[in-house]
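J.: Handing you this structure, nothing more for now.
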Amino acid sequence: MKRQKSIINYLLPTGVFVFILLIWQLICSLGIVPSLLLPSPLEVCSALISDIDNLSRNALYTLSETFVGMAISIVLSFMLACFMDKISLIKTALYPLLVVTQTIPSIAIAPLLVIWFGYDMLPKIILIVIVCFFPLAIGFLDGFASADEDEIRLLRSMGASDLQIFWHLKLPKAMPHFFSGLKISSSYCIVSAVISEWVGGSKGLGVYMMRVKNNYDYDKMFAVIFVISALSILVMAFISLLEKKIMPYKTKEENE
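Sequential numbering from 104 applies to the sequence shown in our numbering.
So this is what it looks like as structure tokens:
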């Protein structure tokens with residue numbers, strides 16, 4: 104029964120996606136929308152294959168920015184969440200500032216970062232850190248706070264130190280919250296990198312997209328969009344796989 108449900112969960116979205124592609128192809132084949140404005144899926148696939156070298160090179164650059172930015176976000180959010188969990192005064196002072204960082208549109212701050220830090224990789228990484236930092240920090244913080252007070256008191260009565268309580272109780276409690284925040288961040292990080300590349304840069308999928316758009320190569324532009332979507336899905340799939348490896352007990356509980 105579970106296997107049948109998994110197959111249905113896989114086939115249903117795949118079927119909907121294929122159906123959308125077929126409708127798209129039909130609209131283009133019948134000439135309802137001019138191919139200059141909306142290239143057909145077959146034209147997009149042809150552009151994807153013919154331009155695979157440029158797409159791969161720029162995708163690798165964007166992925167490099169993404170993973171460096173996410174790694175820095177994880178480290179910084181973990182450190183800040185530990186301080187906020189340990190010292191309530193820091194939490195009271197900084198929590199509103201974390202919320203404020205999420206009210207600033209990334210498209211608005213990206214030009215400033217390029218002006219301040221140049222056209223290289225640094226402003227892109229900073230924007231990714233700004234976008235990803237909040238859900239990760241809140242995930243860690245909520246996870247630490249979810250530790251049961253009775254369990255903490257029990258460990259203290261057994262002579263456990265603060266570090267031992269953190270390692271054996273609070274950190275495991277925070278892992279599900281952390282991966283939830285990481286999945287949310289991963290859905291934004293590549294898009295943030297592309298937006299930053301739009302504003303200013305010499306490499307990356309965002310730069311390449313602007314070039315083909317200015318040349319009116321809309322088939323190649325749609326190919327870039329497909330690559331960005333595929334990369335985002337792959338990053339989320341990698342995070343889900345990592346979650347299963349680190350927390351196999353959670354997968355077991357969900358299957359029971």
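Glycine included, C-beta positions come from ideal geometry on N, C-alpha and C.
Taking all protein chains shown into account, do 16 or more other C-beta atoms lie within 10 angstroms of the C-beta of ILE231, making it buried, or fewer, making it exposed?
T.: Around the Cβ of ILE231, a 10 Å sphere holds 16 or more other Cβ atoms; the residue is buried.
J.: How many angstroms separate the CA atom of PHE220 from the CA atom of PRO226?
T.: 6 Å
J.: Is DSSP giving TYR291 helix, strand or coil here?
T.: helix
J.: So for PHE341, helix, strand or coil by DSSP?
T.: helix
J.: Report the CB separation of VAL302 from PRO208 in whole angstroms; it is logged as a contact under 8 Å.
T.: Incorrect: roughly 12 Å between the Cβ atoms, too far for contact.
J.: Spell out a yes or no on whether the segment 249-265 and the segment 292-299 are touching, meaning 3 or more CB-CB pairs, one atom from each, closer than 8 Å.
T.: no
J.: Would you give the residue range spanned by the alpha helix (DSSP H) that THR195 belongs to?
T.: 191-204
J.: Assuming ILE255 and LEU272 form a contact by the criterion Cβ under 8 Å, report the distance between their Cβ atoms to the nearest whole angstrom.
T.: 7 Å
J.: Go ahead and pull the three-state DSSP assignment for ILE135.
T.: coil
J.: Quick one: what does DSSP say ALA250 is sitting in, helix, strand or coil?
T.: coil
J.: Once you ignore the five residues that flank SER249 on each side, which residues in its own chain have a CB closer than 6 Å to its CB?
T.: LYS276
J.: Measuring alpha carbon to alpha carbon, tell me which of ILE287, ILE152, ARG314 ends up nearest PHE236.
T.: Sorting ILE287, ILE152, ARG314 by C-alpha distance to the C-alpha of PHE236 places ILE287 at the top.
J.: Report yes or no: do three or more beta-carbon pairs, one from the segment 172-181 and one from the segment 279-293, lie closer than 8 Å?
T.: yes
J.: Using a Cβ-Cβ cutoff of less than 6 Å, which residues in the same chain neighbour VAL315 once the five nearest sequence positions on both sides are dropped?
T.: LYS323, MET324
J.: Measure how close the beta-carbons of ALA340 and ALA150 come, nearest whole angstrom, since I'm counting them as under 8 Å.
T.: The Cβ separation is near 25 Å, so there is no contact.
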